[in-house]
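There are 2 protein chains.
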Amino acid sequence: MAGTEVTNRQIIFKNYVVGWPKESDMELVTTTKKLELREGQKDVILKVLYLSCDPYQRGRMRNAVDSYIPPFTPGKPLDGYGVGKVVRSNDPDFKENDLVEGLVAWEEYSLGFKLSKIESDVVPVSYYLGALGMAGFTAYVGFFQVCEPKKGETIYVSAASGAVGQMVGQFAKLFGCHVVGSAGSAQKVDLLKNKFGYDEAFNYKEEPDLDAALKRHCPQGIDMYFENVGGKMLDAVLLNMKVHGRIAVCGMISQYNNEVHEPIYNLNITVKRRLKIQGFLQSDFIHLKPEFKKTVVEWFKEKKLEYVEDIADGLEKGPAALIGMLAGKNVGKQGIKVADF
Amino acid sequence: MAGTEVTNRQIIFKNYVVGWPKESDMELVTTTKKLELREGQKDVILKVLYLSCDPYQRGRMRNAVDSYIPPFTPGKPLDGYGVGKVVRSNDPDFKENDLVEGLVAWEEYSLGFKLSKIESDVVPVSYYLGALGMAGFTAYVGFFQVCEPKKGETIYVSAASGAVGQMVGQFAKLFGCHVVGSAGSAQKVDLLKNKFGYDEAFNYKEEPDLDAALKRHCPQGIDMYFENVGGKMLDAVLLNMKVHGRIAVCGMISQYNNEVHEPIYNLNITVKRRLKIQGFLQSDFIHLKPEFKKTVVEWFKEKKLEYVEDIADGLEKGPAALIGMLAGKNVGKQGIKVADF
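Sequence order for the protein chains is U and P. By the UniProt record's numbering, the letter at position 311 of the first sequence is numbered 311, and the numbering carries on one by one without gaps. By the UniProt record's numbering, the letter at position 301 of the second sequence is numbered 301, and the numbering carries on one by one without gaps.
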């Protein structure tokens, strides 16, 4: 078995991208691969089952030297979070057929990094891309740690039905907050209200005046803003923040494909309202990961949480899925199914 | 004595101001006033000795309904922080000839509010407008509380020789930070380097590229930014903040006379650098005031601190002094001397 050769399709990153990425910036290639473990290395080879599409991956298409994560390498496969089944292992912590989550390349058979075993069958394994993966953990630390929530406060979430947003809204409801969200289609607004339990929701694309929309949906003002989009939305939110309000900056997806970012005019309000604007990455809170998994699995078991996914079927759909997610075409967490168990 | 009538010159606020205030937006009038205490009230009447010119007063010239402090009333004197001598008192805490600091109107004889006695003669009483007044306390809580400093970190201070900035820089040096400041003239830069002990200083008006200037003066990046000015400076600073940097937003004086604020383009960096941007007001930390006074008086006694003031001589100079301060014409803390002891 040691040298078994398999067909290994990959999605190759062709070159750095300026502006909106196109499908032709990536390429599906068919290669072969020997399922061989390197001697003296704790290698684990996975059969990849699911891949995650995340907004931070847009940043990795830029040749940026100062980011917290290196850019993709032109000519090599993309990589990111994924779920797989162990097919070869030199690592005593993992054995054949274990289901694991972690970092993998966008290919059918991949070395895995920073792996952990999926122990529970309470939720579908694909949830480890989102609800129980980086997105859910981002929501968890962003809400419970960065927002510093108090019961009864109002939280506003943009991109509220997305991989992160849907979890933030539900965590906030479970915690006892008044929860308001926005998204970019009637279908997503319906999910916010009727599936995720948001108290108020609106379609930002139908609001010519975002400040007025926020005043209508948050008439008492906003205590916490979970920032996923940036740009005009952030500027309008600033005007509606209450004294001592907190803005947890998770991302600014509306800006990722702009070479010059949209301007923000209302930052002066931070003084009189004593606002805290805090950018964060889930990786700075990694010590809370075990608590997060235990808590969230339990909440799913108790039927306290819902999760909506948008899974593209087949590795070849990866480039379109990733680009579509950046444009908000996905409904819920965007993933790619690469193979059956 | 009860009904003694005195000549009482006042500076009247004429009407709300759009754009840059002009001297003609204020008016010197000569009235008379009976030094009478209202029955059943804990009134204290002061002979005003010094008045403070502070940037927040520009905000009070705007008819804003949502500020933390009400606007000035057209037709009435301006008001603000000041130092005075008690001439009449119904309040058992204050007796005639006590020196006090607190809130007063811009006139020669004024009711005082939120007064405290000046107990120490370690520093000139005028310092209670600045170093030991609101400006010094703002510097104290902004640096020690909001910036969350660590020894050896780099702090950058804008408006660094101003009423607040000169204290921030000296507190940071005493604490063990590397301190960099900017100001708007060669004379001010000289003060930063040779009086306040800044490690690096530059004249921002001579820097066509603020980002390049910051890279030159803070080659390792900025851990803490004490923000006094806003606008282009803030945008350049954002690019130079280190991971986990903190921005304490004390004010944005460059924007106070703009009806539309200068845009900020670089906020997206808050995520990857995990920046905290925190607006604050000294009034939220009032429980630390006694500690502040005790500490700072002690530091002055030990000759560990310097303070530079720019005191206009005569109440009639008040309007020009206030407007000049908004334009950065002052060198050090801007005050107005109204009377001798």
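Cβ coordinates follow ideal geometry from the N, Cα and C atoms, glycine included.
- [ ] Tell me whether U:Arg216 is buried or exposed, calling it buried when 16 or more other Cβ atoms sit within 10 Å of its Cβ.
- [x] When all chains shown are included, U:Arg216 counts as exposed.
Open item on the list: Using CA atoms only, rank isn't needed, just tell me which of U:Glu107, U:Ile118 and U:Lys114 is closest to U:Asn97.
Closed with: Considering only U:Glu107, U:Ile118 and U:Lys114, the residue with the shortest C-alpha distance to U:Asn97 is U:Ile118.
Open item on the list: Beta carbons nearer than 9 Å to chain U: which residues of the stretch 126–147 of chain P have them?
Closed with: So nothing in the stretch comes that close.
Task: CB of U:Phe226 within 8 Å of CB of U:Ala201, strictly - done: If you check the CB distance, U:Phe226 and U:Ala201 do not come in under 8 Å.
Task: chain P within 8 Å of U:Leu275, Cβ atoms only - done: Yes, U:Leu275 counts as interfacial toward chain P.
Open item on the list: I'd like the ranges of any alpha helix (DSSP H) spanning at least 4 consecutive residues and lying wholly in the stretch 239–320 of chain P.
Closed with: With a minimum length of 4 residues, the continuous alpha helix (DSSP H) runs that stay inside the stretch 239–320 of chain P are 269–272 and 289–301.
- [ ] Put U:Leu214 into one of helix, strand or coil per three-state DSSP.
- [x] The answer is helix: DSSP assigns U:Leu214 an H, G or I state.
Task: Classification of U:Pro21 by the beta-carbon crowding that lies within 10 angstroms, buried from 16 upward - done: With 16 or more other Cβ atoms within 10 Å, it is buried.
TODO: List the residues of chain U whose Cβ lies closer than 7 Å to the Cβ of P:Lys272, in chain order.
DONE: At a beta-carbon threshold of 7 Å, the residues of chain U lying near P:Lys272 are Ser67 and Tyr68, ordered along the chain.
Task: Residues from the stretch 80–92 of chain P in contact with chain U, defined by Cβ distance under 7 Å - done: Listed by position along the chain: nothing, the set is empty.
Open item on the list: Buried or exposed, going by whether 16 or more other CB atoms sit within 10 Å of the CB of P:His261?
Closed with: Flag for P:His261 reads buried.
Task: U:Ile323 versus U:Ile269, U:Tyr56 and U:Thr295, residue with shortest Cα-Cα distance - done: The shortest C-alpha to C-alpha distance from U:Ile323 to any of U:Ile269, U:Tyr56 and U:Thr295 is the one to U:Tyr56.
Task: P:Val125 to P:Pro290 span [Cα, whole Å] - done: Answer to the nearest angstrom: the Cα atoms are 17 Å apart.
- [ ] Give a yes or no on contact between the stretch 23–37 of chain P and the stretch 293–308 of chain P, applying the rule of three or more CB pairs nearer than 8 Å.
- [x] Too few Cβ pairs lie closer than 8 Å, so no.
Task: Sub-8 Å separation of U:Asp199 and U:Val180 beta-carbons - done: A contact, by the Cβ cut-off of 8 Å.
Task: Residue range of the unbroken alpha helix (DSSP H) whose run includes P:Val141 - done: Here the alpha helix (DSSP H) through P:Val141 covers Met134 to Val141.
Task: chain P within 8 Å of U:Ile264, Cβ atoms only - done: Yes, U:Ile264 lies at the interface with chain P (some Cβ there is under 8 Å from its Cβ).
Task: Three-state secondary structure assigned by DSSP to P:Asp190 - done: In the three-state reduction of the DSSP assignment, P:Asp190 falls in the helix class, which pools H, G and I.
Open item on the list: Measuring straight from C-alpha to C-alpha, what distance separates U:Cys250 and P:Gly40?
Closed with: Distance between the alpha carbons of U:Cys250 and P:Gly40: 56 Å.
Task: Burial state of P:Met1 (16 or more Cβ within 10 Å) - done: Confidence in P:Met1 is poor, its pLDDT being 49 and thus under 50, which makes the residue's placement too unreliable to answer from.
Open item on the list: Tell me which residues share the same chain as P:Asn330 and place their Cβ nearer than 8 Å to its Cβ, disregarding the 5 neighbours each side in the sequence.
Closed with: Taken in chain order, the residues that qualify are Cys53, Gly162, Asp310, Ala321 and Gly324.
Open item on the list: For the beta strand (DSSP E) containing U:Val87, name the first residue and the last one.
Closed with: Per DSSP, the unbroken beta strand (DSSP E) holding U:Val87 starts and ends at Asp79 to Ser89.
Task: Beta carbon proximity, P:Gln278 to chain U, threshold 8 Å - done: Yes, its Cβ sits closer than 8 Å to a Cβ of chain U.
TODO: Please decide whether U:Asp284 counts as near chain P, where near means a Cβ-Cβ distance under 8 Å.
DONE: Yes, contact with chain P.
Task: Rounded separation between P:Lys333 and P:Leu191 - CA only - done: If I take the Cα positions, the gap works out to 13 Å.
- [ ] Classify U:Ala160 as buried or exposed, calling it buried when 16 or more other Cβ atoms lie within 10 Å of its own Cβ.
- [x] Buried is the call here.
Task: Other residues of its chain near P:Lys188: CB distance less than 7 Å, five sequence neighbours each side excluded - done: Same-chain partners within the cutoff: Ser161 and Val331.
Task: Test: U:Gln255 CB closer than 8 Å to a CB of chain P - done: Chain P, which has a Cβ nearer than 8 Å to the Cβ of U:Gln255, makes this yes.
Task: Buried/exposed call for P:Gln170, threshold 16 Cβ in 10 Å - done: That one is buried.
Open item on the list: I'd like to know whether the C-beta of U:Val249 is nearer than 8 Å to at least one C-beta of chain P.
Closed with: Contacts with chain P at 8 Å (Cβ-Cβ) include U:Val249.
- [ ] Taking only the alpha-carbon atoms, compute the straight-line gap between U:Pro77 and P:Ala64 and give it to the nearest angstrom.
- [x] Rounded to the nearest angstrom, the gap between the Cα atoms of U:Pro77 and P:Ala64 is 56 Å.
Task: Where P:Ile323 falls: helix, strand or coil (DSSP) - done: Residue state, collapsed to three classes: helix.
TODO: Give the range of the alpha helix (DSSP H) segment to which U:Lys173 is assigned.
DONE: Taken as a continuous stretch (DSSP letters only), the alpha helix (DSSP H) holding U:Lys173 covers Gly165 to Phe175.
Task: Selected residue, minimal CA-CA separation from P:Tyr140, among P:Lys317, P:Asp313, P:Phe280 and P:Asn90 - done: Just measuring C-alpha positions, the residue of P:Lys317, P:Asp313, P:Phe280 and P:Asn90 sitting nearest P:Tyr140 is P:Phe280.
TODO: For U:Met1, name the three-state secondary structure that DSSP assigns.
DONE: Here the model assigns U:Met1 a pLDDT of 49, short of 50, so the residue's position is not dependable, and the following value carries that caveat. Correct three-state label for U:Met1: coil.
Open item on the list: When you compare the CB of U:Leu281 with every CB in chain P, is at least one pair closer than 8 Å?
Closed with: Yes, U:Leu281 lies at the interface with chain P (some Cβ there is under 8 Å from its Cβ).
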